[in-house]
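Chemist: Straight run, no breaks: the sequence shown in my numbering ends on number 121.
Got a structure here, written out as structure tokens. Questions coming.
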Amino acid sequence: GAITSLFWAVELDNAENKKFVADFQKSYPLLPDVFAVQQYDGMRALDEALKKLGGDTSDKDKVVKALEDVSFKSPRGDFTFDKSTHNPIQDIYIREVKTQNGQTVNTISDKIAKVTDPGK
């Protein structure tokens with residue numbers, strides 16, 4: 002099968018991902034995609050930052066700092082931001098497309114840990 006790389010896959014074996022996939026499927030009759038996990042993590046990061054600020058967003062530098070300091074367990078793994086680029090620091094998973102039980106799935110064969118800028 003085709004070899005791909007991405008920071009997330011439905012098949013990731015961690016508690017946060019299993020809960021995310023199950024909760025998503027309770028609301029929608031399909032598996033979540035990469036856009037769903039990005040939105041989930043984006044809103045979670047914002048929520049964590051707002052908690053640190055007590056909801057006060059009047060000082061944009063404090064908002065940026067609070068976002069830079071966010072750290073939590075995500076469906077994609079540990080989630081933090083790189084303070085210089087503001088990119089997420091995340092694992093990149095090497096995936097192979099296979100057919101299992103009549104379904105096309107991305108099986109995870111390897112990972113590149115703690116990537117700060119996947120474009121480099």
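The beta-carbon is built from N, C-alpha and C at its ideal position, and this holds for glycine as well.
What you are looking at is a predicted structure, and each value in this text was computed from that prediction instead of being measured.
Measure from the alpha carbon of Ile90 to the alpha carbon of each residue in Phe82, Arg96 and Glu97, then state which is nearest.
Modeler: With distances taken between Cα atoms, Ile90 lies closest to Phe82.
Chemist: Rounding to the nearest angstrom, what Cα-Cα distance links Asn107 and Phe80 in this structure?
Modeler: One C-alpha to the other measures close to 22 angstroms.
Chemist: Please list, in chain order, all residues of the same chain as Phe25 whose beta carbon is under 7 angstroms from its beta carbon, the five residues on each side excluded.
Modeler: Excluding positions up to five away in sequence, the list reads Pro33 and Ala37.
Chemist: Per the DSSP calculation, Thr5 is bridged to which residue(s)?
Modeler: Thr5 is bridged to Arg96.
Chemist: Taking just the CA atoms, how far does Ile95 sit from Gly120?
Modeler: Cα-Cα distance, rounded: 15 angstroms.
Chemist: Report the rounded CA-to-CA distance for Gly78 versus Thr105, giving the unit in angstroms.
Modeler: If I take the Cα positions, the gap works out to 23 angstroms.
Chemist: With DSSP as the reference, label Asp111 as helix, strand or coil.
Modeler: Reduced to three states, the DSSP call for Asp111 is strand.
Chemist: Given a threshold of 16 other Cβ atoms within 10 Å of its Cβ, counted over all protein chains shown, does Ala23 qualify as buried or as exposed?
Modeler: Ala23 should be labelled exposed.
Chemist: For Ala50, which residues from the same chain have a beta carbon less than 6 angstroms from its beta carbon, with the 5 sequence-adjacent residues on both sides left out?
Modeler: Cβ within range, chain order: Ala67, Leu68 and Val71.
Chemist: Skipping 5 residues on each side, what residues in its chain have a beta carbon closer than 7 angstroms to that of Val64?
Modeler: So the qualifying residues of the chain are Ala50, Leu54 and Thr58.
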